[in-house]
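Residue numbers (our numbering): 23 to 221.
And the structure:
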């Protein structure tokens with residue numbers, strides 16, 4: 023299978039050096055807090071570095087010189103290097119999948135009128151990047167609306183009641199048919215009720 027290279031538009035005002043420093047700062051924050059919020063391109067890039075560091079820490083341990091040099095280079099706070107080998111590596115030693123998870127969050131909104139008016143802060147998706155097994159409550163996922171959920175059933179009946187109160191002489195509009203149900207028309211009902219013709 024051919025995998026094409028994905029171009030990342032992550033330019034930094036300081037050039038490649040500034041980009042590396044940004045990755046270092048984000049990795050340090052991820053290993054320190056275990057859940058951070060940032061834009062999606064940055065999270066997608068940093069996630070690969072975090073997965074590689076944790077994978078090497080599990081595979082080689084803290085006695086491997088090259089792994090220690092990599093951890094010392096990418097992590098600013100040196101006490102977090104100890105956390106990588108003594109806390110995170112044992113936690114993820116039995117994991118079969120990835121060690122990180124990305125959740126899409128609502129875009130933060132700017133309420134300040136600074137000459138441009140209110141609007142979203144960023145043009146990229148705002149996500150939460152976290153290490154699995156962290157002590158925080160789980161991020162609620164997005165669930166598709168289901169008309170059979172109790173709150174949705176109650177809201178539907180409340181709408182019908184309001185419609186009956188506002189228009190007492192009119193019949194409430196029929197609910198849309200659910201998926202997979204056949205709509206019976208007058209003609210099909212008459213055809214179904216008619217007895218078969220005698221031969």
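Note that beta-carbon positions come from the ideal geometry of N, C-alpha and C, so glycine has one too.
Taking only the alpha-carbon atoms, compute the straight-line gap between residue i and residue j and give it to the nearest angstrom.
| i | j | result |
| --- | --- | --- |
| residue 162 | residue 117 | 22 Å |
| residue 181 | residue 125 | 34 Å |
| residue 95 | residue 102 | 12 Å |
| residue 84 | residue 156 | 22 Å |
| residue 173 | residue 99 | 48 Å |
| residue 39 | residue 87 | 24 Å |
| residue 114 | residue 36 | 35 Å |
| residue 177 | residue 185 | 12 Å |
| residue 208 | residue 171 | With a pLDDT of only 48 at residue 208, under 50, the local geometry of the prediction cannot be trusted, and the value read off the model is given with reservation. Taking the straight line joining both Cα atoms gives about 31 Å. |
| residue 254 | residue 158 | With the chain running from 23 to 221 in the structure shown, residue 254 is simply not present. |
| residue 74 | residue 89 | 10 Å |
Which of helix, strand or coil does DSSP assign to residue i?
| i | result |
| --- | --- |
| residue 87 | helix |
| residue 45 | helix |
| residue 39 | helix |
| residue 59 | strand |
| residue 150 | strand |
| residue 188 | helix |
| residue 101 | helix |
| residue 114 | coil |
| residue 174 | helix |
Given a cut-off of 8 Å, decide if residue j and residue i are closer than it, judged by their beta-carbon atoms.
| i | j | result |
| --- | --- | --- |
| residue 127 | residue 58 | no |
| residue 72 | residue 122 | yes |
| residue 93 | residue 110 | no |
| residue 34 | residue 148 | no |
| residue 67 | residue 153 | no |
Can you name the start and end residues of the beta strand (DSSP E) that residue i belongs to?
| i | result |
| --- | --- |
| residue 161 | Note, residue 161: premise wrong, no beta strand (DSSP E); not H, not E. |
Residue range of the alpha helix (DSSP H) that residue i falls in?
| i | result |
| --- | --- |
| residue 127 | Per DSSP, residue 127 belongs to no alpha helix (DSSP H); it is in the beta strand (DSSP E), 122-127. |
| residue 72 | 62-82 |
Segment contact flag, the stretch 45-61 with the stretch 78-90, C-beta cutoff 8 Å, min 3 pairs: Output reads no: the stretch 78-90 does not touch the stretch 45-61.
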